[in-house]
Amino acid sequence: LADGPLAGKRVLVTSGPTHEPIDPVRYIANRSSGAQGTAIARALSALGAEVVFVTGPADVAPPEGVEVVRVETAQEMLEAVQSALPVEAAVFAAAVADWRVASASTSKMKKTKGGLPVLEFTENPDILATISQMDKGRPALVVGFAAETDDVIDNATAKRTRKGCDWIVANDVSHETGIMGGKDNDITLISQEGAEDWPRMSKEDVARRLAERIAQALT
Ligand code: C5P
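Note that full-length UniProt numbering has the sequence shown beginning at 179, numbered continuously upward.
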């Protein structure tokens, strides 16, 4: 049996981008590497938690010793998350696509002379908000992320209230910060108590510190 402050506790982490199909060979994606979510899953596991790791197509390999559920789309991610419940804590580190192509083509779209394709979009489910606002069986602790480029703390604080989660890990992903796809992270932890600025540190250190905070909150 696992040892550590999270022994016997089941937790969920989402990670990576989602891929939203245009046709069988093309998709819409984003620049998430999955590095931060993977580090969080590893850190929670190191504290003894039983981790379900729901991941989109990420650049980095999932951690050892966790239950890995691989998905492609936002809709698949929501279903995988719902199937993994109940959990005591859920960390939503995935960069879920906000939109998907309304009716993805089942055959490869052809290049036609004089005609350009027009894609129509529809909104994806908000997984974090859906789980945060569950009436029954909501995880005791729900943690979301906010990747912002402007007014990071104000936007992330509003996001915490709007989505209904307990904590938001806010970071500045302006191009010049090199955070997205980079090694380090510079975060502010936003809770009901307010905003706590953490020094810039590696994504592994952010993960370890966050896992410790989660362990404290659950005990
Ligand atoms: O609204 P925004 O995309 O900025 O919110 C980011 C947070 O919400 C992240 O925790 C992300 O994993 C989560 N999210 C989600 N499902 C979506 C969009 C975002 O779970 N469709």
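Note that the Cβ used here is the ideal one computed from N, Cα and C, for glycine as well. The structure presented is a predicted model; accordingly, all values stated were derived computationally and were not measured.
Complete runs of the beta strand (DSSP E) confined to the region 303 to 388 [at least 3 residues]: Within the region 303 to 388, the complete beta strand (DSSP E) runs of at least 3 residues are 319 to 326, 345 to 350, 365 to 369 and 372 to 375.
Inter-residue CB distance, Asp344 and Leu319 (contact presumed, cutoff 8 Å): Sequence index remark: in the sequence shown, residue 344 carries index 166 (1-based). Sequence index remark: in the sequence shown, residue 319 carries index 141 (1-based). About 5 Å separates the two Cβ atoms, so the contact holds.
beta-carbon Thr192 near the ligand C5P non-hydrogen atom, thresh 7 Å: Residue mapping note: residue 192 aligns to position 14 of the sequence shown, counting from 1. For the ligand C5P, at least one heavy atom lies less than 7 Å from the Cβ of Thr192.
Alpha helix (DSSP H) segments (min. 4 residues) lying fully within the region 247 to 308: 252 to 262
Buried or exposed (CB count within 10 angstroms, at least 16 for buried), Ser310: Taking the first residue of the sequence shown as 1, we reach residue 310 at position 132. When all chains shown are included, Ser310 counts as buried.
Leu367 beta carbon near the ligand C5P (any heavy atom closer than 7 Å): Counted from its first residue, the sequence shown places residue 367 at position 189. No, the beta carbon of Leu367 sits no closer than 7 Å to any heavy atom of the ligand C5P.
Three CB pairs or more closer than 8 Å across the region 361 to 374 and the region 287 to 299: Under the 8 Å Cβ criterion, the region 361 to 374 does not count as touching the region 287 to 299, having fewer than three qualifying pairs.
Distance between beta carbons of Val189 and Val229, contact taken as under 8 Å: Position 51 of the sequence shown, counting from 1, holds the residue named residue 229. Position 11 of the sequence shown, counting from 1, holds the residue named residue 189. Sure, about 6 Å apart at Cβ, within 8 Å.
Segment contact flag, the region 198 to 217 with the region 272 to 280, C-beta cutoff 8 Å, min 3 pairs: Here the region 198 to 217 makes contact with the region 272 to 280; the two share three or more CB pairs at distances below 8 Å.
At least 3 beta-carbon pairs within less than 8 Å: the region 237 to 254 vs the region 376 to 385: no
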